[in-house]
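Start counting the sequence shown at 0; every next residue gets the next number (numbering that gives the first Met the number 0).
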Amino acid sequence: MTTPITYMYTPASSSDRLAKSLCRGADVVIFDLEDAVAPAQKTAAREELATFLHGLDDPGDSLIHVRVNPLNSQWGTEDLRVLAAAPHVTGVRVPKVTSPDQIADVHALVPGLEIHALIEDAEGIAAMRSICRAPKVTSVSLGDNDMRAALHLRGEAAMDIIRVQLVVELAAAGKNPPTGSVYPNVKDAEGLHKDSLRLRDLGFAGRSAIHPAQLEPIRSAFAPSDEDIAHARAVIKAAEAAETAGQGAVALDDGSFVDQPFVDDARYILSLTRPFG
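Quick look at the structure:
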């Protein structure tokens, strides 16, 4: 199973960009009905997206997700009803989640789709454990910019505490690691790469982009190196040999011992090896 690394947002109101976005090499394309669409355009954007999806023959290699409007808005429920009948969509991204009850409500409307929850305020942080453990939630991410504004945060120290909390809660719930929020400066590829490396070291797996130029710096930061891949394969090979021999922990050629947590991490590393483009 391959773990997605790159997620690219595309405004659902930009009909000329919908098809183009599927050819940019992102693992997941997120058609956005929320922040990228002005209130006066939301109904038209939803209709435009539905028309596009029903007319799409082949989405290519990218998975398609849709970020809907908040459930308590005048558009959220209708967004979900339209998605329930739309082809090619594999996941729905739900903003401003504050309770696992919202996950259940979304699942009732789109039972066939993965549900990716976005936590963006203090209420969501307070309910993080229950949201991560909701049976129908596939993943949970943070809306960094909204959270900074809601909590009056400056710098990265406080955000990193919240990020690590999310990494731990998802792991405890048996879910995949979270993905990082967007990097707002589309011209700062070096800054994006460095920031993505930092998120990787915090336990994140990939992040979202708002421009195709951001995909390569993200992938190069999160994708394992050749050395990482070789080591992961050696760990798995040694573990399989040990299992056949009825042994537990086993030593590699370099003298290091590995047991089941190392094997699980090695398999995770190999799941990140989809080639870019």
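In this text, a Cβ means the ideal position worked out from N, Cα and C, and glycines have one as well. As the structure is a computational prediction, the values presented were derived from the model and not from experiment.
- Here G202 has V166, P176 as same chain residues with Cβ atoms under 6 Å from its own Cβ, once five neighbours each way along the sequence are excluded.
- Setting aside the 5 residues that flank it on each side, A265 is surrounded in the same chain by A231, V234, I235, each with a C-beta closer than 6 Å to its C-beta; the list follows chain order.
- The three-state secondary structure of E113, taken from DSSP, is strand.
- Between L117 and S98, the CB-CB gap reaches or exceeds 9 Å.
- Contact check for L32 and V88: beta-carbon distance about 12 Å, past the 8 Å limit, so the pair fails to qualify.
- For P94, the closest alpha carbon among the candidates D100, V249, G75 is that of G75.
- Taking the Cα of A188 as reference, the smallest distance to any Cα among E168, A172, E77, R218 is reached at R218.
- Closest by C-alpha distance to A107, out of L82, G179, E119, L150, is L82.
- Only residues of its own chain outside the window of five on either side were considered, and among them I118, I161 have a CB closer than 7 Å to the CB of I124, listed in chain order.
- Around the beta carbon of D263, a 10 Å sphere encloses fewer than 16 other beta carbons of the protein chains shown; the residue is thus reported as exposed.
- Non-local C-beta neighbours of D227 in its own chain, meaning closer than 8 Å and more than five positions away in sequence, comprise I268, ordered along the chain.
- Secondary-structure assignment with DSSP links F30 through a beta bridge to T9, V65.
- The beta carbon of Q213 sits closer than 7 Å to the beta carbons of Y182, V185, L191 from its chain, once the five residues preceding and following it are set aside; these are given in chain order.
- Under the DSSP assignment, V139 falls in the beta strand (DSSP E) whose first and last residues are 136-141.
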